[in-house]
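From first to last, the protein sequence lines stand for chains W, L and A. The first sequence stops at residue 494 when you use the numbering used here, and every number in between is there. The second sequence stops at residue 1071 when you use the numbering used here, and every number in between is there. The third sequence stops at residue 650 when you use the numbering used here, and every number in between is there.
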Amino acid sequence: MSEEVTHTEHDDSHEIEHLKSHIKFYWIIFWALIVGTILTVGVPYLIHFENHTYNVILGLAIATVKATLVSLFFMHLSAEKKLIYGMIALAVFGAIALFILTALAYWDHSLSYYW
Amino acid sequence: MQIPYEVEERPDTGVYNAKLGIWLFLASEIMLFGGLFSAYIFLRLGAPEGSWPDHILWDLPGLINTAILILSSVTVVLSYIYVKLGDFNKFRICMIITLVSAVAFMGIKSFEYNGKFKHFGAFMKDTSKPQGYGEQITGHVIGDLSDYDDKDYILVAADSRQPIDWLSARELKKQSPAHQQQAAELAALGEDAHDAHPGPVFNHPGIIATGDKYKPKSWEHKIKVALGKEKHKEHDVFKVMKDQIFRQSMFTPGYNAYFAIYFTMTGLHALHVIGGALVLGYFCFFDHKRFFTNRKHFANRIEVGGLFWHFVDLVWIFLFPILYLL
Amino acid sequence: MQEATHTKEHDAHSDEHHDHGPQSFWRTWVFSTDHKVIGLQYAVTAMLSLMGGFLMMILMRWQLAYPGDPIPLVGNILENVTGGAEGGMMIDGVMQPQFYNALGAMHGTIMVFLGVVPLGFAAFGNYVMPLQVGAPDMAFPRLNMASFWSFLPGALIMFLSFLVPGGAAKSGWTSYSPLAAVADPPQSPTQEWFISPSLGPIDLSFLGLPADGALFMASIFNGQSLWLVAMIFLISSSLLGSVNVIVTIVQLRAKGMGWMRMPYFTWAIFVTSFLLLLAFPPLEAAGIMQLMDRVAHTSFFMPAGLYVGGEVLNSYSGGGSPLLWQHLFWFLGHPEVYVILLPAFGIVAEVIACNTRKPLWGYKSLVYGTIALGLLSFVVWAHHMYMTGMGAKVSAFFQTTTTIISIPSVIILTALLISLWGGAIRFNTPMLFATAFLPMFGIGGLTGIPLAFSSIGSYLHDSYYVIGHFHYVVAPGVMFGLFAGVYHWYPKVTGRKMNELLGKLHFWPTLICMNLIFAPMFIQGMAGMHRRWYDGGETYELSAPVLHWNVVMTIAAFVMLVAQLPFIWNFFTAWRYGQKVGTNPWQATTLDWQTPFPAPHGNFDKPVTVYRGPYEYSVPGADKDYTPQNEPEVQPAPAKVSSKDK
């Protein structure tokens, strides 16, 4: 019995240390996100791409990196259960089907005026 | 009757009910906003070349709002950590910062909305165009729109920042000879059209330059001038003949496809902010006794509420560049 | 630490105590959190909606067979309800095109979104699924209640939209823009509001709304806008429901209920809820956008330079895409077909396994087929859009995926068909409906294959052939599955069986009439008749050789209406006077039949443990011809029988 108690206590203190280390880490992520935001706003002013498409691609790339940071660390997806990953995979499958296939249908279309 | 695994994790799946539930809900939210994002893609790809108004919103409020949401995301995840650590006061401080952030976000959003609703625009008739209209003029109405009820014209202080049809200088050269001449003048000036072109030029017979100047009174304008974003402290005033107007409106959702998607997406996002703040506020101020009676359950609730909040942040991370910057 | 656990226990205890208190009528039957009561609430609402949609179809069939003739009996009543001659819906008892359009749009909407899906997915899913997985209730009982109470307002708004000025939505159940966006424009802010001429117009000026507010109200309170509002309610409801179902199945399965021990019906509901979860939200987004188009005059689906009534439309900015609506609608619309179909598959599988007294043939292929069907259904939707000018490459992609998706459907159908082989079949009423489902659905499915090809689809598009095809899937197909479910689980709910003779009186005429109604549609469609002609094609020369089928179909529809009377009579009288039966009248193996009767709030007396697969009928060496899933193995198993379904 006593062994068990000490065991859990040990676990608890370990857990607490673990959680406390998280706090600092979350602030690091916070600053990374802020830097990312400033980059998104700033880059078009610094670099003038002739083709606007590059701006769009760069902006979306930075946004994707930020979104990845939020979902991995704030939403704890870096260490989540398989089940949750499965559910997200299904949603991603659905979203990709929606985006890719509507975009394909957009590009391969004979009546361009109505689009 | 007790529903199993409301608080404790089910051993073989490793999650408690609400966690799976919120992730499924977020999956459906991904598809909901996915529908709107695909609408955005369609509208943008389908817009005639050069007519999509890129970078027309003032990005500073959006930038501040992004920072606010990121901050609130950190505080909400910290409040979850403090529940786990058993530190009620710090939990509450973090949660209150989150709620204050939500209020600040909504405040800035309503400031932006208000500015749009006071902005006027008109599409001028042009029978040579298939859609029935040609040039558009945007700006502030001198006085109030209802002042012109008994007149056949409207006086508009045209924006100097958007020359014609929302075009930037690099797209002007594709347009009519007058526009090309304007582009050449801009090139001669050697300055970016966004900041220092000599003021809008209109070719439509229904838009007549009066030579007057008008100083906009809005806070947006004052802040921009103070920050040096706006070089023109005064705007040129034009007389817009009513019988030449194809359609006119304030910058409401109906103004054009861009504002339609802007208001719909940010509006739906704002509803999510309000909903999330209500739930987190309930946990913070009305459900807090559970912190002391059943901390595991309380931590679960904060985790689930927090996951929703992060998702709201996540959506904004994409909304900000596609609506404000690109 | 000890204190914490103590309070935790106390907390759980007090929750438990709270639930056991005597509950008022309102908490028990109206705002109930018990999945069984909510299932019944869904069932009642859905069956009333089905009846409503069916009666609308009867009115339409009269108009198609006898265009220009006053509708007997109800013509004048309808005229009064819809605003008299001024309402423009019915004049002198004769149906006008506007009213036919409204009935057509609402028949489709009501049957799909208020009838078949709520009955199959929400009612049977709610009532049977938690029992089958051995759960005490749904995972989120209050969310379940919220789901129903979001569904009901949607249903009421949908039905009541017939009473607003201009009548119900008239743009088809698909609500294609820009037609739907410009339909029913608010005439003026001061328009009169009527419920019926006998009540007189209701003057809303006492509300003191400013002109803008009144115009806003008028832009909401018209048929098409209310359709959209109702759809947003219904979609929210089904999202809550599907989250609940998935969590229940994943988290609340009883001990020992592995994935491959779940009854097939539960699998079907599981896949269905994923379809609802992921395919419905884009339509919700589209609904919000179309509502914005109508209320805030945005141009999501409005192209520039649109001419209405000969004049260019200048109240919209243009710049939108009509095809965007079609994409978002059919992104739901096609998975919706499987949302309709899969619960019926599940019911039929349960009924067949139980009444053939042998295990389902190919349980695993049924399950994997269903999962494949679910995944594939997300990538086939544009086969509804061949006529929109889609390019050849994309058309080729979608016709390929469409033909591929027929494979899992055929696997499921074949497995069910082979399950009949060599069984000692009990032909009771549920089994009659279940066996009739197989060929009827087969006809519906096979006639769909030509439509998968863009070349043939271009010819048959929007013709009666299409109507015949999907009605064979939904009416004699899915509806038969649902009837089988009603007859099969009726004793579970009431403890009494429905009358067998009345059941057969219901089944045989319905089967014959269904075929008489829908088979001629293939003939008419191939002759080129268009699905939306309000006069049944009378004024078109091309329909002359096939016009007489209209009368045949209409008479069959009226006979089918009469054939439903035994069912309705049976349904209500059996509640009080039906033959009393025990807890497991069909000697079924699945857990839904192993609860005490009446099943208490919480379903099972003690936690259930599952020891075997779902369909252990006629196990060699067993003392009876069925072995319930929760029956422990007393002595060492008489060999690998149970390993078959593992």
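Ideal placement from N, C-alpha and C gives every residue a C-beta, glycine not left out.
Could you give the C-beta distance for residue i and residue j, rounded to a whole number, given that I count them as a contact under 8 Å?
i         : j         : result
Pro-589/A : Lys-501/A : 6 Å
Phe-4/A   : Met-444/A : The structure shown does not extend to residue 4/A, since chain A is modelled only from 5 to 650, so the question has no answer here.
Gly-691/L : Ile-853/L : Given that chain L is displayed from residue 746 to residue 1071, the structure contains no residue 691/L and the question cannot be resolved.
Ala-784/L : Met-296/A : Actually they do not touch by this definition, with Cβ atoms about 11 Å apart.
Leu-731/A : Phe-333/A : There is simply no residue 731/A to check, as chain A begins at 5 and stops at 650 in what is shown.
Tyr-476/A : Gly-529/A : About 12 Å; that fails the 8 Å criterion.
Leu-118/A : Ala-50/A  : 7 Å
Glu-793/L : Glu-857/L : Note that residue 793/L is Pro in the sequence shown, not Glu. That pair is no contact at about 27 Å.
Leu-238/A : Phe-166/A : Leu-238/A to Phe-166/A, Cβ: 17 Å. No contact.
Once the 5 residues before and after residue i are set aside, which same chain residues still bring their CB inside 8 Å of it?
i         : result
Ile-887/L : Leu-900, Val-901, Ala-902, Tyr-959 and Val-982
Ala-484/W : none
Ser-410/A : Gly-449, Gly-452, Ile-453 and Ala-456
Ala-308/A : Ser-321, Gly-322 and Gly-323
Only counting the same chain, and skipping five residues up and downstream in sequence, which positions put a Cβ closer than 7 Å to that of residue i?
i         : result
Tyr-898/L : Lys-984, Val-985, Met-986 and Lys-987
Leu-107/A : Met-60, Leu-63 and Met-64
Ala-411/W : Leu-448
Thr-270/A : Met-133, Gln-136, Val-137 and Ile-253
Ala-150/A : Leu-244
Val-422/W : Leu-437
Ile-426/W : none
Gly-314/A : none
Lys-978/L : Lys-960 and Val-970
Pro-600/A : Thr-587 and Asp-609
Ile-416/A : Phe-349, Leu-370, Gly-373 and Thr-374
Less than 8 Å between the beta carbons of residue i and residue j, yes or no?
i          : j          : result
Asn-1045/L : Val-845/L  : no
Ile-471/A  : Met-525/A  : yes
Phe-991/L  : Met-869/L  : yes
Phe-1036/L : Phe-1030/L : no
Gly-427/A  : Val-275/A  : no
Ala-847/L  : Val-1018/L : yes
Tyr-538/A  : Pro-101/A  : yes
Leu-823/L  : Tyr-405/W  : yes
Gly-831/L  : Arg-1040/L : yes
Arg-146/A  : Gln-228/A  : no
His-39/A   : Met-142/A  : yes
Val-478/A  : Gly-124/A  : no
Phe-152/A  : Gln-27/A   : no
Leu-890/L  : Ala-289/A  : no
Gly-260/A  : Val-614/A  : yes
Gln-294/A  : Ala-185/A  : yes
What residues in its chain sit with their C-beta under 6 Å from that of residue i, if we drop five residues either side in the sequence?
i          : result
Leu-1052/L : Ile-767
Trp-231/A  : Ala-173
Ile-748/L  : none
Ile-408/W  : Leu-448 and Phe-452
Arg-31/A   : none
His-939/L  : Legend: pLDDT at His-939/L = 43, less than 50; position of this residue unreliable, no value from coordinates given.
Arg-430/A  : Asn-359
Is residue i near the ligand PLP, with its Cβ less than 7 Å from a heavy atom?
i        : result
Gly-79/A : Because no ligand of any kind appears in the structure shown, any question about the ligand PLP cannot be addressed here.
Can you list, in chain order, the residues of the segment 109-142 of chain A whose Cβ is nearer than 7 Å to any Cβ on chain L? So the list reads Pro-140 and Asp-141, given in the order they occur along the chain.
May I have a chain-ordered list of the beta strand (DSSP E) segments no shorter than 3 residues that lie completely inside the segment 409-446 of chain W? Runs found: none.
In chain order, which continuous runs of the alpha helix (DSSP H) of length 4 or greater are located wholly inside the segment 975-1043 of chain L? Listed in chain order, the complete alpha helix (DSSP H) runs (minimum 4 residues) inside the segment 975-1043 of chain L are 1002-1030 and 1034-1038.
Complete runs of the alpha helix (DSSP H) confined to the segment 124-161 of chain A [at least 4 residues]: When DSSP assignments are scanned along the segment 124-161 of chain A, the uninterrupted stretches of alpha helix (DSSP H) that are 4 or more residues long and fall wholly within it turn out to be 129-136.
Chain-ordered residues of the segment 310-324 of chain A with a beta carbon less than 8 Å from chain L: From the segment 310-324 of chain A, only Val-316, Asn-318, Ser-319, Tyr-320, Ser-321, Gly-322, Gly-323 and Gly-324 have a Cβ closer than 8 Å to chain L.
Please go through the segment 442-498 of chain A and give each complete alpha helix (DSSP H) segment of 4 or more residues, from N-terminal end onward. 452-456, 458-464, 468-476 and 484-498
List in chain order: all unbroken beta strand (DSSP E) runs of 3+ residues lying wholly within the segment 210-269 of chain A. none
Any C-beta of chain L within less than 9 Å: which residues of the segment 385-416 of chain W qualify? Using a CB distance below 9 Å, the part of the segment 385-416 of chain W facing chain L consists of Glu-394, Ile-395, Leu-398, Lys-399, His-401, Ile-402, Tyr-405, Trp-406, Ile-408, Phe-409, Leu-412, Ile-413, Gly-415 and Thr-416, ordered along the chain.
Interface positions of the segment 448-469 of chain W facing chain L (Cβ-Cβ less than 9 Å), listed along the chain: For the segment 448-469 of chain W, residues whose beta-carbon sits nearer than 9 Å to a beta-carbon of chain L comprise Val-449, Ser-450, Phe-452, Phe-453, Met-454, His-455, Glu-459, Lys-460, Lys-461, Leu-462, Ile-463, Met-466, Ile-467 and Leu-469.
Relative to chain W, which residues along the segment 278-293 of chain A have a C-beta separation below 8 Å, given in chain order? Phe-278, Leu-282, Ala-283 and Pro-286
May I ask you to list, following chain order, the residues of the segment 383-414 of chain A that have a beta carbon less than 7 Å from some beta carbon of chain W? Val-383, Ala-386, Gly-393, Met-394, Gly-395, Lys-397 and Val-398
Please give me, in chain order, every unbroken run of the alpha helix (DSSP H) with length at least 4 that falls completely inside the segment 32-105 of chain A. 39-69, 79-85 and 88-91
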